[in-house]
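As numbered in UniProt numbering, residues 1 to 135 make up the sequence shown, in order. Don't be surprised by glycine CBs; every beta carbon is placed ideally from N, CA and C. Since this is a predicted model, take the numbers as computed values, not measurements. Everything on this sheet refers to the single structure shown next.
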Amino acid sequence: MTSDVPQALPEHVDGVQDFLGFTFVESTPDRVEVVWDVPDRVRQKQGIVHGGAYCALVEAAASRGAARWWGDRGKVVGVSNSTDFLRPVRTGRLSVVATPVARGRTQQLWEVAITDSESRLVATGRVRLQNLRAD
Ligand SMILES: CC(C)(COP(=O)(O)OP(=O)(O)OC[C@H]1O[C@@H](n2cnc3c(N)ncnc32)[C@H](O)[C@@H]1OP(=O)(O)O)[C@@H](O)C(=O)NCCC(=O)NCCSC(=O)Cc1ccccc1
Numbered sequence: 001m002t003s004d005v006p007q008a009l010p011e012h013v014d015g016v017q018d019f020l021g022f023t024f025v026e027s028t029p030d031r032v033e034v035v036w037d038v039p040d041r042v043r044q045k046q047g048i049v050h051g052g053a054y055c056a057l058v059e060a061a062a063s064r065g066a067a068r069w070w071g072d073r074g075k076v077v078g079v080s081n082s083t084d085f086l087r088p089v090r091t092g093r094l095s096v097v098a099t100p101v102a103r104g105r106t107q108q109l110w111e112v113a114i115t116d117s118e119s120r121l122v123a124t125g126r127v128r129l130q131n132l133r134a135d
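In structure tokens, the structure reads:
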């Protein structure tokens, strides 16, 4: 089957990051930190942040860390994402921190904590990722 969709996007393009509007402030193999000023467009009809936005943040932060650790050996892809929403948020700046739980030959598990400006946990997630070899 043919497709007009490009197989890969340029390194700097990330539509989800652009839509959500978050910023990576630390990106190492051991820790990733994101800051996110909640934009109106991610609030659902009750006025609180849509759960899917937390899932996407968790996915983005964990994937960045896992990719940094796997490095030149290839790429990583997420294979599961479990995110719990603990406290409703309407506005403000959230902090997202991802750290590794396990990093193996074939898979990685990362956990992510999302906190508000008062350091209260508003969401927490775990992402399992597959390490894919370049060859
Ligand atoms: C309320 C509960 C689910 C359970 O709370 P518990 O485990 O029993 O814990 P606790 O009692 O300690 O309260 C903790 C805090 O919870 C709040 N709060 C508690 N009770 C009420 C209440 N009666 N009414 C209002 N708020 C209440 C309050 O801030 C409280 O803090 P405080 O004590 O004031 O300092 C909480 O975990 C929560 O809101 N999670 C986030 C959910 C979320 O944001 N989901 C994503 C968006 S939905 C989506 O995307 C799907 C969708 C799409 C489109 C359209 C429609 C839907």
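Secondary-structure assignment with DSSP links L132 through a beta bridge to K75.
When rounded, the separation of the alpha-carbon atoms in E59 and I48 is 20 Å. By the C-beta density criterion, G51 is exposed, having fewer than 16 other C-beta atoms within 10 angstroms. Taking a contact as a CB-CB distance under 8 Å, the pair T83 and A123 counts as one, their CB atoms being some 6 Å apart.
V77 is a Cβ neighbour of L132, given a cutoff of 9 Å. Rounded to whole angstroms, the gap between the alpha carbons of A134 and G104 is 16 Å. In the DSSP assignment, the residues bridged to S82 are R126. In this structure, A62 places its C-beta atom within 9 Å of the C-beta atom of R126.
Taking 8 Å as the cut-off, the C-beta of P88 counts as close to a heavy atom of ligand 1. Measuring C-alpha to C-alpha distances from T106 to each of A53, D116, V96, G74 identifies G74 as the nearest.
The secondary-structure analysis by DSSP pairs I114 across a beta bridge with V96, A123. The shortest C-alpha to C-alpha distance from V25 to any of W36, G15, S80 is the one to W36. When the five nearest sequence neighbours on each side are left out, the beta carbons in the same chain lying within less than 7 Å of the beta carbon of V89 are those of V38, I48, V49, D116, V122, in order along the chain.
In the structure shown, the three-state DSSP call for D37 is strand.
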